[in-house]
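Chains as they are written, first to last, in this note's numbering: chain A, 13 to 274; chain B, 13 to 274.
What follows is the structure, given as C-alpha cells:
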C-alpha cells in the first residue's frame, strides 16, 4: 500500500508528531510505502494568490477559479510545490490528513494546502456538466479507487462533540472535509480517527491511541467506508444536485440525508 | 456605529473588493466609523507557529494552547499584528467577516487570522470552569454586546446549498463560524449575507447585491440575531455541555437543536 500523510502541526515533538513518527515506522516495517508532507517543516506557502499561477499576467485582474482553469491548460500549469503534492496524491492508495482541530476546522496551513493544491481540472471542473451529469464529483473524479482518512486530535472532551454536544457532532464538523474534499474527488472515505483531550495525554494514553491506529491500518481493506450517496447515479435531481424527495429516512435532515443507511 | 470588516480576497478589483469599497463608502457617509483589515494587502502572517509567542523559549517543545495561556500572562503577550486585531475587535460594535467560500470554508488567510488572533484569555479560556459554569463561552465572553455577520460569496448555485443540496445546507456549513467563533465569544450573530454564482455576476447583479446589503446595514439594530441557546443558563448539562434531554423540538438534530425556535 502507498500512503500519503499530510501533517499539519507546528511541533514535531507533540503528541501528533510522535504519532506520525510511529505510524511511518509501523507502515514501513509492514512493507508499505509512505510519503509525508510535513507542511510546517516544508514551509508550505499557505495563502493562495497570483503567484500560484505562473502564466498569470501580473497587473491584470485575478479571477481565482477562471485563472486556475486557464493555468491548467497552460504550459507551466501550477507551481512546483503544488504539482508535487498533486503527484503524491495520484501516487497514493491511502491519503491521511493529520491535524489538531483548531476552531472547528483544520489549521490554516492545511487549509492553504487544500486551497492551493485542489486546482481546476485536478480536483474540480472535471467531466461534463449537462442535464444528466453534473461534473465528475461526489463519487467520481481524479481520486476514484483511493481511500481517505482524517486523523484528528481535539482539546475538548468527547461529550462536547457528541450528538447533543454544544460544539456540534464531530461527524458534522468533519463532513465538509470528508464529503466536501475526499468524496468530492471520488475517494472512499474511512471513518475519522478522532482522539479527544489530547492536552492531558500521558505515555499510556499515547500507546493506547497508537494501538488503536495500528488496528485500523492492519484492517484498512476491510473497513467500510462512509456510505455517501453518489451524485450522478439517480439519487439527485440534476443539475440542481438536490436529493430527490422521499429518498431520505424519516428524521434524516441536513448532512445526514447524503449518507445511505444499510 | 463602529464597524470592523475583515476582508479575505486576493484581488481588490473583484466583486468582493468592489462590495467592500462601496460598503466602506456607504457606512462612512452615514456617519459610521469603519476599520478594514484587508488581510491580503496587510500581508497577514497566516500560519500560527512559535514566532507568535514573544516569550516562548526557542528550542523547547511548543504546546500551542498552553503557550497561548502563558503568553497571555507574560509582559510581551502576543505579536503586534495580533494585538492590533484584538484591539480592533474590542473597538467594534459590528464585526463582518467578508470572504469567498473556498472548499466549504474560509480562505486559509482568514483561518490564519482566527488561529492567531483568537488567543487564550481573549477568545477562550475565560471565566470559571466548575460544576455549574463551563467557562465564559457560547453567549458569554469578551465580545458580549457586539454583533457579528458573515458576508460570503459562493461559486455554486443556491439549490446546491439548500436543505437538500449535495454541498450541504449553507447554514450548517457556516455554523462552525457563526456559532463556533462569533457566538462562542458572546456576540449576537446576524443571519449571514450569502450571494451565489458570483463568477457570472454583472453590474446589474452587483447593484442588486449592494442594495440588499445597504438595507441590512440600515436596519442592523432591528435584525433578529440567530437565537442560539446560551451555554450556562440552564439548557445544558454542565460540565458535559450537552443539551438537556427533551429540550429540542421533534425532528431537531445536530446543529439545529442549539438554536431556540420561537
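For glycine and all other residues, C-beta sits at the position ideal for the given N, C-alpha and C.
Residue 140 of chain B is not a Cβ neighbour of residue 198 of chain B, given a cutoff of 7 Å. Only residues of its own chain outside the window of five on either side were considered, and among them 177 have a CB closer than 8 Å to the CB of residue 171 of chain A, listed in chain order.
Leaving aside the five residues that flank residue 266 of chain B on each side, the residues in its chain whose CB is nearer than 8 Å to its CB run, in chain order, 184. Under DSSP, no beta-bridge partner is assigned to residue 187 of chain B.
In the structure shown, residue 19 of chain B adopts extended strand secondary structure according to DSSP, grouped into three states. When the alpha-carbon of residue 136 of chain A is set against those of A/78, A/112, A/263, A/54, the nearest one is in A/78. DSSP places residue 106 of chain B in the strand class (E or B) of the three-state scheme. Proximity of chain B to residue 129 of chain A at the Cβ level (cut-off 8 Å) is not reached, the minimal Cβ distance being about 10 Å.
Going by C-alpha positions, residue 200 of chain B is about 28 Å away from residue 83 of chain B.
With contacts defined by Cβ atoms closer than 7 Å, residue 213 of chain B and residue 124 of chain A do not form a contacting pair. Restricted to the segment 193 to 265 of chain A, the beta strand (DSSP E) segments that are unbroken, complete and at least 3 residues in length are 205 to 207, listed in chain order. In the structure shown, the three-state DSSP call for residue 101 of chain A is helix. Contacts with chain B at 7 Å (Cβ-Cβ) include residue 150 of chain A. Rounded to the nearest whole angstrom, the CA to CA distance from residue 244 of chain B to residue 104 of chain B is 25 Å. CA-to-CA, the gap between residue 165 of chain A and residue 90 of chain B works out to about 25 Å. Under DSSP, residue 47 of chain B shares a beta bridge with B/16. In the DSSP assignment, residue 146 of chain A is bridged to A/141. For the segment 208 to 221 of chain A, the beta-carbon criterion of a distance under 7 Å to any beta-carbon of chain B is satisfied by 211. Taking CB atoms only, residue 126 of chain A has a neighbour in chain B less than 7 Å away. Interface residue (Cβ-Cβ distance to chain B less than 7 Å): residue 115 of chain A is classified as such. Interface with chain B (7 Å Cβ-Cβ cutoff): residue 254 of chain A is included. If you check each beta-carbon in the segment 64 to 86 of chain A against every beta-carbon of chain B, the ones closer than 8 Å belong to 73, 74, 75, 76, 77, 78. With respect to residue 96 of chain B, residue 129 of chain B sits apart: the two C-beta atoms are not nearer than 7 Å. Assigned with DSSP and collapsed to three states, residue 75 of chain B falls in coil, not helix or strand.
Taking C-beta separations shorter than 8 Å and ignoring five residues to either side along the sequence, the partners of residue 60 of chain A in its chain run 76, 124, 127, 128, following chain order. Of the residues A/88, A/92, A/38, the one whose Cα lies closest to the Cα of residue 57 of chain A is A/92.
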